[in-house]
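In what follows, a single structure is set out as structure tokens and then discussed.
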Amino acid sequence: MNTGIAPATVAPETALVALEVATPLLARRGLWTLAPFTDPELVRFGQRLPLEWKRDKRLLTMRFAARGLPDEVVHPPLRENFGHLMNRAVYEYSSSLLRSWGKDLHLVEQGCLDAAVLAETIERAALGSDEAAPYRTGLFLITAVELALRAL
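Numbering-wise (full-length UniProt numbering), the sequence shown opens with residue 1 and increments by one.
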């Protein structure tokens with residue numbers, strides 16, 4: 001058992017990766033990053049909400065309605081989904097960026113990733129947006145962390 005280490009975070013991993021990437025860039029320009037979705041109290045509040053309040057963003061919808069926002073904001077005709085954009089981003093940008101770095105990735109050098117497995121995954125994701133779908137989260141996180149490491 002590990003002792004003397006920081007406790008696990010309650011914040012979503014994607015929010016922390018976004019902060020990890022953005023914070024150094026903003027700090028160099030004198031801006032301090034605020035990230036309410038990484039606040040432990042807010043995260044725990046969201047975790048304690050009843051499931052029916054979370055489904056279809058009911059709590060947010062009720063808040064929008066109470067604030068008098070128009071119906072197209074309260075009940076948008078299209079559900080928010082960025083999956084297709086993430087697929088395209090991984091296909092068009094992440095795969096080529098990771099490929100251009102080759103084996104010179106900090107994550108490979110540190111033994112966090114197997115270079116051969118990563119190369120095979122990149123090639124599969126580079127076939128097209130639809131082919132990138134199963135790999136989008138992993139390759140996005142690898143790209144984000146690698147960019148953050150290179151920014152140090």
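Every residue gets a Cβ at the ideal spot worked out from N, C-alpha and C, and that includes glycine.
These figures come from a predicted structure and were not determined experimentally.
By Cβ distance below 6 Å, which residues in the same chain neighbour Val145 in space, the five residues on each side in sequence not counted?
To locate residue 145, count along the sequence shown from 1; it is residue 145. Counting only Cβ-Cβ distances below 6 Å, and skipping sequence neighbours, we find nothing.
Could you tell me the alpha carbon to alpha carbon distance between Thr33 and Val17, rounded to whole angstroms?
Residue mapping note: residue 33 aligns to position 33 of the sequence shown, counting from 1. Residue mapping note: residue 17 aligns to position 17 of the sequence shown, counting from 1. About 13 Å.
Quick one, which of Ser96, Gly128, Leu49, Pro12 has its alpha-carbon nearest Phe37's?
Working through the sequence shown from its first residue, we reach residue 37 at position 37. For Phe37, the nearest C-alpha among the options comes from Pro12.
Under the three-state reduction of DSSP, which class applies to Phe82: helix, strand or coil?
The residue you call residue 82 lines up with position 82 of the sequence shown. Coil at Phe82, not helix or strand.
What would DSSP say about Leu69, mapped onto helix, strand or coil?
Here residue 69 refers to the residue found at position 69 of the sequence shown. In this structure, DSSP gives Leu69 a state outside helix and strand, which the three-state scheme calls coil.
Should residue 165 and Arg99 be called a contact, given that it needs their Cβ atoms to be closer than 9 Å?
Any property of residue 165 remains undetermined from this structure, which presents the chain solely from 1 to 152.
Per DSSP, what kind of secondary structure is Asp39 in: helix, strand or coil?
For this step, residue 39 is matched to residue 39 along the sequence shown. Three-state DSSP puts Asp39 in coil, outside helix and strand.
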